[in-house]
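Peer 1: Chains as they are written, first to last, in the working numbering: chain A, 12 to 542; chain B, 58 to 455.
We treat Cβ as the ideally placed atom computed from N, Cα and C, and that holds for glycine.
1. Quick check: residue 430 of chain A and residue 423 of chain A, are their CB atoms within less than 9 Å of each other?
2. So residue 82 of chain B contacts chain A; which residues on that side make the cut at Cβ distance below 9 Å?
3. Near residue 311 of chain A, which residues of its chain fall below 6 Å by C-beta distance, leaving aside the five closest residues on each side in sequence?
4. Quick one: using the 10 Å Cβ neighbour count with 16 as the cut-off for buried, is residue 20 of chain A buried or exposed?
5. Entirely within the stretch 364-391 of chain B and at least 4 residues each: give me those alpha helix (DSSP H) ranges in chain order.
6. Here's the rule I'm using: 16 or more other beta-carbon atoms within 10 Å means buried, otherwise exposed. How should residue 400 of chain A be labelled?
7. Below 8 Å CB to CB, which residues in the same chain sit around residue 151 of chain B once its five sequence neighbours on both sides are set aside?
8. Taking only beta-carbon positions, decide if residue 33 of chain A is within less than 9 Å of chain B.
9. Strictly below 9 Å CB to CB, what residues from chain A border residue 117 of chain B?
10. Measure from the alpha carbon of residue 460 of chain A to the alpha carbon of each residue in A/411, A/385, A/501, then state which is nearest.
11. Assuming residue 229 of chain B and residue 203 of chain B are in contact, meaning their beta carbons sit under 8 Å apart, how far apart are those beta carbons, in whole angstroms?
12. On the DSSP bridge assignment, give the partners of residue 314 of chain B in chain order.
13. With distances taken Cα to Cα, identify the nearest neighbour of residue 94 of chain B among B/101, B/105, B/84.
14. Could you confirm whether any beta carbon from chain B is found closer than 9 Å to the beta carbon of residue 364 of chain A?
15. Quick check: the stretch 105-116 of chain B against the stretch 127-147 of chain B, are there 3 or more CB pairs under 8 Å?
16. Out of B/268, B/369, B/58, which has the shortest C-alpha to C-alpha gap to residue 439 of chain B?
17. Look up residue 310 of chain A in the DSSP assignment and say whether it is helix, strand or coil.
18. Which chain B residues sit within Cβ distance under 7 Å of residue 67 of chain A?
19. Go ahead and pull the three-state DSSP assignment for residue 346 of chain B.
20. What does residue 427 of chain B reach in chain A if we use C-beta pairs closer than 9 Å?
21. Determine which residues share a DSSP beta bridge with residue 398 of chain A and list them.
22. Tell me which same chain residues have a C-beta within less than 8 Å of the C-beta of residue 36 of chain A, skipping the five on either side of it?
23. On a CA-only basis, which of A/141, A/156, A/213 is nearest residue 100 of chain A? Give me that one, please.
24. In whole angstroms, give me the CA-to-CA distance for residue 16 of chain A and residue 249 of chain A.
25. Are the Cβ atoms of residue 382 of chain A and residue 297 of chain A separated by less than 9 Å?
26. Considering only residues of the same chain and omitting the five flanking positions on each side of residue 273 of chain A, which have a CB-CB separation below 8 Å?
27. If I measure Cβ to Cβ from residue 34 of chain A and keep anything under 6 Å in the same chain, skipping five residues before and after, which residues do I get?
28. If we count the other Cβ atoms within 10 Å of its Cβ and call it buried at 16 or more, is residue 189 of chain B buried or exposed?
29. Going by DSSP in three states, residue 139 of chain B sits in which element: helix, strand or coil?
30. With DSSP as the reference, label residue 257 of chain B as helix, strand or coil.
31. What do you get for residue 90 of chain B, buried or exposed, if any count of 16 or more other CB atoms within 10 angstroms of its CB means buried?
32. For residue 182 of chain A, count the other beta carbons within 10 Å of its own beta carbon; 16 or more makes it buried, fewer makes it exposed. Which is it?
33. Taking three-plus beta-carbon pairs below 8 Å as touching, is the stretch 317-327 of chain B in contact with the stretch 281-294 of chain B?
34. Any contact between the stretch 144-153 of chain A and the stretch 167-177 of chain A? By contact I mean 3 or more CB pairs, one from each, below 8 Å.
35. Can you pull out the residues from the stretch 379-391 of chain A whose beta carbon lies closer than 7 Å to at least one beta carbon of chain B?
36. Can you find a C-beta in chain A that's less than 9 Å from the C-beta of residue 268 of chain B?
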């Protein structure tokens, strides 16, 4: 067994080393081709690369009424606003001003700037001499115009693809506050954040990840607030990603997180622009990824899972109770089944006598031990939950009804499960939904603690809590301790943890992110560079 | 990393080796014991252990009321642990003492000393220290555990509830296991214990019971120990006097005769009672000064005594003082002269103030205690007379 563990550790180390070697951005073509003066060569080159696919359109036409200059546009069908492009082509082919009198050389030298300044009245227009860039912009949905006799091409942004409109996110419903949610299109997402933070210091840095997909990824932060060490570290880890494809921000999360083998996520995510904006304003870095409404934020602290955006929009007094309640819910959801099993089968002394008898009364005639009972119910709950998520919507109702019937009545009536176990599992499940961001971790902790308590009783339960708490203390997220205001106790920050103080007392930015002197991640990187 | 794994593996080894109570018992394999009765078989000199186990299925919601909520099982053995083992020959559940409320000990057994018997319960990790210890008079342990004339579901917790509410009744005395140990082993003090008798109560038709009478249990008086051996009993009035001296009760009742008509009686409820016992040595003789401060309310008046006059109140206070003093003197007389056991804790008090004198007297304190002198000084105050100051019928009745 030890050898196996050793082997595994070696493997993990190698993985890490492999990740450490940075990779250069991949190109579509081996060497950066240039754009030739002759249009035909360019057309041939492009067709060689893109011609096999049926959704690429090459449209050749002549500029001017005299049909003197050859040109062609290349677009991807479905990604562009065709009527706009057709309008451009129309204006260009009707253009006939200088062609009558002047020498053709004069005209030639002029057509490019004329087009740029007068004819192509798109806001987003640029010219490029890099064949690679041109190719990339075609694939991202831009229109490219080649003109015969020039070794540069126009890149016109006339994108228009099908997309979902901005609507309320299902994962984070709120009663008070903005109902906007991010969508799949990264440009819309960027604009949603920009609409909230109108500040010249808000910076969006774009990079492309994934060798095959070239997914657009955007870093968002506020210069002057963001901790430069953290920003450097984020960029370093993003550049290190060596993946063929990035389909969702979850891919990025798994590549950049501090401890890939921990049960706790050390990268946060949200679907709400106001929440992400708040985190950026606190000095965190947001990572937007094209194709998903989930935006990542780093560094991530454990307490963020308990902070809902509504906490800050409504008055603080009742909300402080709710915050404390969420922490309690976390504890209940993670440990109630384990507590039930350890107390009933090891320490009946700890239960008040009347409660003990009523538990004993309902356990009378149940064929299983309490661990198996709780295990069956927890597993059953997971199945019902999972099928509720995976079922097509019309079937969802049936699942919940059958689940309720089986769990609530039939199992008890048939004498398979005792009533207190139903209460325990129901409480566990309901409280688990309160703190959605850590529900993955809770799910695992629940079973770890249950196993320990079933074998060792309360002693095992406490030991499990110690192990988990110790593990949580050891976690770091981009240099910020995971249990930040608690574990290295930062007194001034405790005002936004178990209770939420009124906003007027919370003007300062969180210290744990901004002045992280013991910035572990960054230190490591420096060592890495030296060696 | 290596270090970490080493630590984790060490932790796991520690759990396996060092775990304390790690025998798991599911709830449907244990019988929850609510009361234990102990007596001695006179012929074989074996200990008879009677246990009252709760029957959970009878307490289920929807269970028929005909089913009994307790099962009384009995076994004999040379020791208590032997008796508990012998029990398993005929009972399908392992007895769990963790919820036990009361240990009832037979009078005869108690006269031989009960610390050797209690040792089993003190040693067991299951049994908690604050369970009650009571003495059943004249061979009635099984009957005490087997009768109930009250509302509670389980007879054991019914006994426990009676003891708990009798805190404001000075006529009974109670003791838990820890206190018993303290007083039995302590210097200059001896324990007392509650006494349970059985009683007969009539059944009326509305109660829908088959017999004309049903048996119940009754707490009254106190059992007096010398060391751990039972030496005698105090009746209810003596117990009251005892409780006034040691401040053992939170409340009680005092009856005095009326000023207007000495045949009629006035009831006064004790609200607060505080006692200080001060030892003094006068001419080489030990004297204890007992100072009692009592506050009471008038509960019940049979005639038209007018409480708006201070003079009347003073007179009532004086009468009450005489009644209290009589009770106290009576109790001390019985304790000193007849039982000769220092359950009042005089020895401890003397030790605190005159440790040197105590050292001399310590060895023959049992002989000294019956001869010590004492004075009683009582301060009585009547605070309230309820919602009315004169009795309502005063106009017509005189």
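Peer 2: Answer, in terms of the structure:
1. On the first chain, position 419 is the one that residue 430 of chain A refers to. On the first chain, position 412 is the one that residue 423 of chain A refers to. Yes, Cβ-Cβ distance for residue 430 of chain A and residue 423 of chain A is below 9 Å.
2. As a position in the second chain, residue 82 of chain B is number 25, starting the count at 1. Per Cβ cutoff of 9 Å: 356, 357, 359.
3. For the purposes of this step, residue 311 of chain A is taken as the residue at position 300 of the first chain. Only 277, 278, 279, 488 meet the Cβ criterion.
4. The count along the first chain starts at 1 and reaches residue 20 of chain A at position 9. Its Cβ having fewer than 16 others within 10 Å, residue 20 of chain A is exposed.
5. 367-390
6. Reading the first chain from its first residue, position 389 is the one you call residue 400 of chain A. Exposed.
7. Locating residue 151 of chain B in the second chain gives position 94, counting from the first residue. Closer than 8 Å at Cβ, skipping near neighbours: 82, 86, 87, 88, 145.
8. Along the first chain, read from residue 1 onward, the residue named residue 33 of chain A stands at position 22. Summary for residue 33 of chain A: the model assigns pLDDT 45, below 50, so the residue's position carries little reliability; its value from the coordinates is reported in the next sentence. Not one chain B Cβ lies under 9 Å of residue 33 of chain A.
9. What you label residue 117 of chain B is simply residue 60 of the second chain in a count that begins at 1. What residue 117 of chain B touches in chain A: 369, 372, 373, 375.
10. Translated into the one-based positions of the first chain, residue 460 of chain A becomes position 449. Minimum Cα distance to residue 460 of chain A is reached at A/385.
11. Within the second chain, residue 229 of chain B is the residue found at index 172, counting from 1. Within the second chain, residue 203 of chain B is the residue found at index 146, counting from 1. Not really, about 21 Å apart at Cβ, beyond 8 Å.
12. Position 257 of the second chain, counted from the first residue, corresponds to residue 314 of chain B. Note: residue 314 of chain B sits in a beta bridge opposite B/322.
13. Taking the second chain and counting its residues from 1, one reaches residue 94 of chain B at position 37. With distances taken between Cα atoms, residue 94 of chain B lies closest to B/105.
14. Numbered from its first residue, the first chain carries residue 364 of chain A at position 353. It does: the Cβ of residue 364 of chain A has a partner Cβ on chain B nearer than 9 Å.
15. yes
16. As a first step, residue 439 of chain B must be located in the second chain, where it is residue number 382. The residue with the shortest Cα to Cα distance from residue 439 of chain B is B/369.
17. What you label residue 310 of chain A is simply residue 299 of the first chain in a count that begins at 1. Assignment of residue 310 of chain A by DSSP, reduced to helix, strand and coil, places it in the coil class.
18. Against the first chain, residue 67 of chain A aligns to sequence position 56. Going along chain B, no residue has its Cβ under 7 Å from residue 67 of chain A, so there is no contact; the nearest lies around 52 Å.
19. One-based indexing of the second chain puts residue 346 of chain B at position 289. Residue state, collapsed to three classes: strand.
20. Indexing the second chain from 1 puts residue 427 of chain B at position 370. Near residue 427 of chain B there are no residues of chain A at all, since even the closest Cβ is about 43 Å away, more than 9 Å.
21. The count along the first chain starts at 1 and reaches residue 398 of chain A at position 387. According to DSSP, residue 398 of chain A bridges with nothing at all.
22. On the first chain, position 25 is the one that residue 36 of chain A refers to. Bear in mind that the predicted position of residue 36 of chain A carries a pLDDT of just 46, short of 50, making it too unreliable to give a figure here.
23. Along the first chain, read from residue 1 onward, the residue named residue 100 of chain A stands at position 89. The option with the nearest alpha carbon to residue 100 of chain A is A/156.
24. In the first chain, counting from the first residue as 1, residue 16 of chain A sits at position 5. In the first chain, counting from the first residue as 1, residue 249 of chain A sits at position 238. Roughly 29 Å between the two C-alpha positions.
25. The residue you call residue 382 of chain A lines up with position 371 of the first chain. The residue you call residue 297 of chain A lines up with position 286 of the first chain. Cβ distance not < 9 Å, so residue 382 of chain A and residue 297 of chain A don't count as in contact.
26. Residue mapping note: residue 273 of chain A aligns to position 262 of the first chain, counting from 1. So the qualifying residues of the chain are 482, 486.
27. Here residue 34 of chain A refers to the residue found at position 23 of the first chain. The pLDDT assigned to residue 34 of chain A is 47, lower than 50, so where the model puts this residue is not dependable; a value taken from the coordinates is nonetheless given after this. Closer than 6 Å at the Cβ level, and outside the excluded window around residue 34 of chain A, lie 253.
28. Taking the first residue of the second chain as 1, we reach residue 189 of chain B at position 132. Buried is the call here.
29. The sequence position of residue 139 of chain B within the second chain is 82, counting from 1. Residue 139 of chain B: helix per DSSP, three-state reduction.
30. Translated into positions along the second chain, residue 257 of chain B becomes position 200. It is a strand residue.
31. Counting from 1 along the second chain, the entry for residue 90 of chain B is found at position 33. Its Cβ being crowded by 16 or more others within 10 Å, residue 90 of chain B is buried.
32. Locating residue 182 of chain A in the first chain gives position 171, counting from the first residue. By the 10 Å Cβ count, residue 182 of chain A comes out exposed.
33. no
34. yes
35. For the stretch 379-391 of chain A, residues whose beta-carbon sits nearer than 7 Å to a beta-carbon of chain B comprise 380, 381.
36. Taking the first residue of the second chain as 1, we reach residue 268 of chain B at position 211. No, residue 268 of chain B does not count as interfacial toward chain A.
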